[in-house]
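Asker:
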Amino acid sequence: MLHFIFFDFIKKRYGIEENTKFKGKDAKYVWRVSETFNTTIENWKPYKDILNIKISHKSYPGCGRMYASMKKQWFSKQDINEFLDKWLLRGKFR
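4 is the number of the first residue of the sequence shown in the working numbering; add one for each residue after it.
1. Nearest CA to the CA of phenylalanine 86: which residue from Phe25, Lys48 and Asn41?
2. Can you tell me whether proline 64 is buried or exposed, with buried defined as 16 or more other CB within 10 angstroms of its CB?
3. Within the continuous alpha helix (DSSP H) that includes phenylalanine 9, where are the two ends?
4. Under 8 Å Cβ to Cβ from aspartate 102, same chain only, skipping five residues before and after it: list those, please.
5. Taking tyrosine 50 as the reference, give the member of Trp90, Ile19, Trp77 and Leu91 with the closest Cα.
6. Less than 9 Å separating the beta-carbons of valine 33 and asparagine 22?
7. With distance defined between alpha-carbon atoms, name the residue in Ile44, Ser37 and Asp82 nearest to isoleucine 56.
8. What residue does the alpha helix (DSSP H) around glutamine 76 start on, and which one ends it?
9. Among Gly18, Glu38 and Leu5, which one has its Cα closest to the Cα of alanine 71?
10. Provide the residue span of the alpha helix (DSSP H) that contains tryptophan 34, from first to last.
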């Protein structure tokens with residue numbers, strides 16, 4: 004469900020879809036951001052508490068460095084706009 008919310012949000016806020024290409028990024032960049040974002044949120048205690056989740060999720064394969072950075076950013080400040088701006092407004096897309 005988190006994926007649907009994520010992609011709906013970035014479509015409305017940024018006009019970005021799953022297949023949007025970013026200059027200088029791999030073709031699956033938006034998908035990698037979504038997977039890593041989901042893992043970050045799923046490992047956040049308030050989210051786990053609401054859903055009564057007891058397990059810890061590992062980062063999406065190949066996104067370890069991105070996950071470490073996202074986790075640090077999110078745990079420092081929970082501002083979804085600022086958070087995703089960093090990952091989706093870095094460079095010109097399309």
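All C-beta atoms, glycine included, are put in the ideal place defined by N, C-alpha and C.
Answerer: In short, the structure shows the following:
1. Position 83 of the sequence shown, counting from 1, holds the residue named residue 86. Nearest option by C-alpha distance: Asn41.
2. As a working note, residue 64 is residue 61 in the sequence shown. Its Cβ having fewer than 16 others within 10 Å, proline 64 is exposed.
3. By 1-based counting over the sequence shown, the position of residue 9 is 6. Note, phenylalanine 9: alpha helix (DSSP H), 5 to 17.
4. Limits of the chain in this structure are 4 at one end and 97 at the other, which puts residue 102 out of reach.
5. Position 47 of the sequence shown, counted from the first residue, corresponds to residue 50. Check the Cα spacing between tyrosine 50 and each of Trp90, Ile19, Trp77 and Leu91: the tightest is with Trp77.
6. Within the sequence shown, numbered from 1, the residue matching residue 33 stands at position 30. Within the sequence shown, numbered from 1, the residue matching residue 22 stands at position 19. Yes, they are a contact pair.
7. Here residue 56 refers to the residue found at position 53 of the sequence shown. The residue with the shortest Cα to Cα distance from isoleucine 56 is Ile44.
8. By one-based count along the sequence shown, residue 76 stands at place 73. For glutamine 76, the uninterrupted alpha helix (DSSP H) run begins and ends at 67 to 79, by DSSP.
9. Position 68 of the sequence shown holds residue 71. Scanning Gly18, Glu38 and Leu5 for the CA closest to the CA of alanine 71 turns up Glu38.
10. On the sequence shown, position 31 is the one that residue 34 refers to. First-last of the alpha helix (DSSP H) with tryptophan 34: 32 to 45.
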